[in-house]
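Mapped onto our numbering, the consecutive letters of the sequence shown carry residue numbers 409 to 836.
Here the structure is laid out as structure tokens; the discussion comes afterwards.
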Amino acid sequence: MHDVVVVGGGFAGVTAAREAARDGRSVLLLEGRDRLGGRTWTAPWNGHQIEYGGGWVHWHQPHTFSEITRAGLTVELSGDPDVTAWYVGAERRTGTIAERDAIANRGWLQFVDGVERSLPNPHDPTLAIDQLARIDRLTIAQRVDELDLDDEHRAVLWAELESLAHGPLDVAGAASVLRWHALSGYSLALTQYTGGRVTLTRGTRGLLEAIAGGAQYETRLSTPVAAVRRRGDGVEVETRAGELLPAARAVVAVPLNTLGAIEFEPALSELKLEGIALGQASRGIKIFIHADGEPICQNAIRPGHPFGYLDTEFVNDDGTQVMIGFGYDAALNDATDLPRVQGDLDRIIPGYRALDASAHDWLADEFSRGTWAIHRPGWYSRYYDEMRRPEGPVLLAGSDLAAGWSGFIDGAIESGLRAGAWLRQTGP
Ligand SMILES: Cc1cc2nc3c(=O)[nH]c(=O)nc-3n(C[C@H](O)[C@H](O)[C@H](O)COP(=O)(O)OP(=O)(O)OC[C@H]3O[C@@H](n4cnc5c(N)ncnc54)[C@H](O)[C@@H]3O)c2cc1C
Numbered sequence: 409m410h411d412v413v414v415v416g417g418g419f420a421g422v423t424a425a426r427e428a429a430r431d432g433r434s435v436l437l438l439e440g441r442d443r444l445g446g447r448t449w450t451a452p453w454n455g456h457q458i459e460y461g462g463g464w465v466h467w468h469q470p471h472t473f474s475e476i477t478r479a480g481l482t483v484e485l486s487g488d489p490d491v492t493a494w495y496v497g498a499e500r501r502t503g504t505i506a507e508r509d510a511i512a513n514r515g516w517l518q519f520v521d522g523v524e525r526s527l528p529n530p531h532d533p534t535l536a537i538d539q540l541a542r543i544d545r546l547t548i549a550q551r552v553d554e555l556d557l558d559d560e561h562r563a564v565l566w567a568e569l570e571s572l573a574h575g576p577l578d579v580a581g582a583a584s585v586l587r588w589h590a591l592s593g594y595s596l597a598l599t600q601y602t603g604g605r606v607t608l609t610r611g612t613r614g615l616l617e618a619i620a621g622g623a624q625y626e627t628r629l630s631t632p633v634a635a636v637r638r639r640g641d642g643v644e645v646e647t648r649a650g651e652l653l654p655a656a657r658a659v660v661a662v663p664l665n666t667l668g669a670i671e672f673e674p675a676l677s678e679l680k681l682e683g684i685a686l687g688q689a690s691r692g693i694k695i696f697i698h699a700d701g702e703p704i705c706q707n708a709i710r711p712g713h714p715f716g717y718l719d720t721e722f723v724n725d726d727g728t729q730v731m732i733g734f735g736y737d738a739a740l741n742d743a744t745d746l747p748r749v750q751g752d753l754d755r756i757i758p759g760y761r762a763l764d765a766s767a768h769d770w771l772a773d774e775f776s777r778g779t780w781a782i783h784r785p786g787w788y789s790r791y792y793d794e795m796r797r798p799e800g801p802v803l804l805a806g807s808d809l810a811a812g813w814s815g816f817i818d819g820a821i822e823s824g825l826r827a828g829a830w831l832r833q834t835g836p
């Protein structure tokens, strides 16, 4: 019998396991995949270590940066693109990044109007819920429809929002945009910076290994959990292979969109089940394209495009480059279909030949069922507090339920730290 079973070995799960083990508890970490890291995954491709999942970090993300410091790791900054382009209808316009950001900022500032009142402390998103409630009811598309924008301002804002939401704007909740903005010091420039400029020199794997290795506990990979049942004051966790594992406490740190695949006995509260059934709205793609063409850093956005945000990630010594594209719907992409990737590339950055492409389909993946958390309308008014409320010996955790940087690595670490505090306060 263990003191704690942690289900899920992403950043949240390994942080929770480390915290509990450092406090002297016996911990068993159960991970469904054959690797730790969950929605982060550093892997080799075309001569580079790429991040199929989360990759960017920032010093405004306090839990991540504290762990980077603790592990003695370093970060790298990417440079500005040489060419920036945006689309208004089928017309491609080019300019400096400052010019495009000025266009984006006009719509952005209208979108987030009132955010200082509705999110006065973005690490406590329901602090002024009566103020946030109106925006929390809206999808991103409904909020854009309220704004006074000409075609160019609307197209640029729409493309920015599609890449941020990583899901359809008529489904994703508008409050997530305000949250990201508030967490980034209430600035669009910093919102872009926090989400796409700073990477870990040794990749997310380096940080993950540092946290996971920060204490002694047992880890079992390729061990999906089927059920978490209360037994007396404790729990019994059943793996899909039928093994029964008793513990005093369970921290279930799996993605929101996969929680429905785990049976809880007794059933979780009605409201939690409703929140789980609702899930979060991301269904996008992060695609890597190795391309031949002018060896200068490119950046382009185009609303409705399968990878409507495209940026040069590496320029190779042979003049080719690796681009990263973000699109709002994984179903519109197939990285194995190079002619299709080429056609899409021509429609956003003409003049480049796609040599190879790669992506992980996080939407189809049974252990993620989506990418970074973008909550649906009503999340903060109705579900947020309840999802975080422990039920007896069971706590749900993970970035998707975090207070601050939910949807980021930082939120996962924060959630793991909170799980550690909960165990300290209530655990065996
Ligand atoms: C494409 C993409 C790009 C992103 N970009 C960024 C970025 O640049 N910066 C950033 O900070 N964040 C980014 N994110 C978000 C970030 O990666 C996640 O928010 C964070 O890693 C989630 O951590 P987590 O531990 O909460 O969940 P996860 O990492 O999803 O970990 C949950 C774990 O639970 C396991 N699991 C699921 N079901 C079961 C089960 N039944 N039994 C046992 N195990 C189970 C999963 O396999 C997984 O390992 C990105 C995510 C994606 C997908």
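All C-beta atoms in this analysis are idealised placements derived from N, C-alpha and C, irrespective of residue type, glycine included.
How many angstroms separate the CA atom of S823 from the CA atom of A498?
-> The count along the sequence shown starts at 1 and reaches residue 823 at position 415. The count along the sequence shown starts at 1 and reaches residue 498 at position 90. Distance between the alpha carbons of S823 and A498 is about 43 Å.
Does the beta-carbon of S526 have 16 or more other beta-carbons within 10 angstroms, so that it is buried, or is it exposed?
-> To locate residue 526, count along the sequence shown from 1; it is residue 118. Counting of Cβ neighbours within 10 angstroms places S526 among the buried residues, the total reaching 16 or more.
Give the DSSP-derived three-state secondary structure of V802 in the structure shown.
-> Position 394 of the sequence shown, counted from the start, is the residue given in the question as residue 802. V802: strand per DSSP, three-state reduction.
Enumerated in chain order, which unbroken segments of the beta strand (DSSP E) with a length of 3 residues or greater are wholly contained in the segment 665-715?
-> Runs found: 671-673, 693-700, 706-709.
The segment 627-638 touching the segment 652-670, judged by at least three CB pairs closer than 8 Å = Pairwise C-beta distances place the segment 627-638 in contact with the segment 652-670, as three or more of them are shorter than 8 Å.
Check the DSSP bridge columns for V579 and list the partner residues they point to.
-> To locate residue 579, count along the sequence shown from 1; it is residue 171. None, per the DSSP bridge assignment.
Length of the line joining the Cα atoms of G614 and P711 = By one-based count along the sequence shown, residue 614 stands at place 206. By one-based count along the sequence shown, residue 711 stands at place 303. One C-alpha to the other measures close to 35 Å.
Can you find a heavy atom of ligand 1 that lies under 7 Å from the Cβ of F419?
-> As a position in the sequence shown, residue 419 is number 11, starting the count at 1. It does: the Cβ of F419 is within 7 Å (strictly closer) of some heavy atom of ligand 1.
Cβ neighbour criterion (16 or more within 10 Å) applied to P747 | For the purposes of this step, residue 747 is taken as the residue at position 339 of the sequence shown. Result: exposed.
May I have a chain-ordered list of the beta strand (DSSP E) segments no shorter than 3 residues that lie completely inside the segment 602-672?
-> Runs found: 606-608, 626-628, 633-639, 642-647, 652-660.
Starting from I732, trace the alpha helix (DSSP H) both ways and give me its first and last residue.
-> Residue mapping note: residue 732 aligns to position 324 of the sequence shown, counting from 1. Taken as a continuous stretch (DSSP letters only), I732 belongs to no alpha helix (DSSP H), being part of the beta strand (DSSP E) at 729-735.
Residue(s) in a DSSP beta bridge with A493 | Along the sequence shown, read from residue 1 onward, the residue named residue 493 stands at position 85. A493 has T502, A708 as its beta-bridge partners, per DSSP.
Buried or exposed: E570, going by 16 or more other Cβ atoms within 10 Å of its Cβ?
-> What you label residue 570 is simply residue 162 of the sequence shown in a count that begins at 1. Label assigned to E570: buried.
Check whether the Cβ atoms of A424 and V413 lie closer than 8 Å to each other.
-> In the sequence shown, residue 424 corresponds to position 16, counting from 1. In the sequence shown, residue 413 corresponds to position 5, counting from 1. Cβ distance not < 8 Å, so A424 and V413 don't count as in contact.
Near ligand 1: T448 beta-carbon under 7 Å from a heavy atom = In the sequence shown, the residue the question calls residue 448 occupies position 40. Yes, since a heavy atom of ligand 1 falls inside the 7 Å radius drawn around the Cβ of T448.
Completely contained alpha helix (DSSP H) runs for the segment 528-558, where each covers 4 or more residues | Runs of the alpha helix (DSSP H) inside the segment 528-558: 537-544, 548-553.
Reducing DSSP to helix, strand and coil, say where R826 ends up.
-> Position 418 of the sequence shown, counting from 1, holds the residue named residue 826. Helix.
Separation of L825 from G416, as counted between CA atoms | Position 8 of the sequence shown holds residue 416. Position 417 of the sequence shown holds residue 825. It is roughly 15 Å from the alpha-carbon of G416 to the alpha-carbon of L825.
Using alpha carbons as the reference points, say which of H589, P452, A451, V465 lies closest to Q518.
-> To locate residue 518, count along the sequence shown from 1; it is residue 110. When only C-alpha atoms are compared, the closest one is H589.
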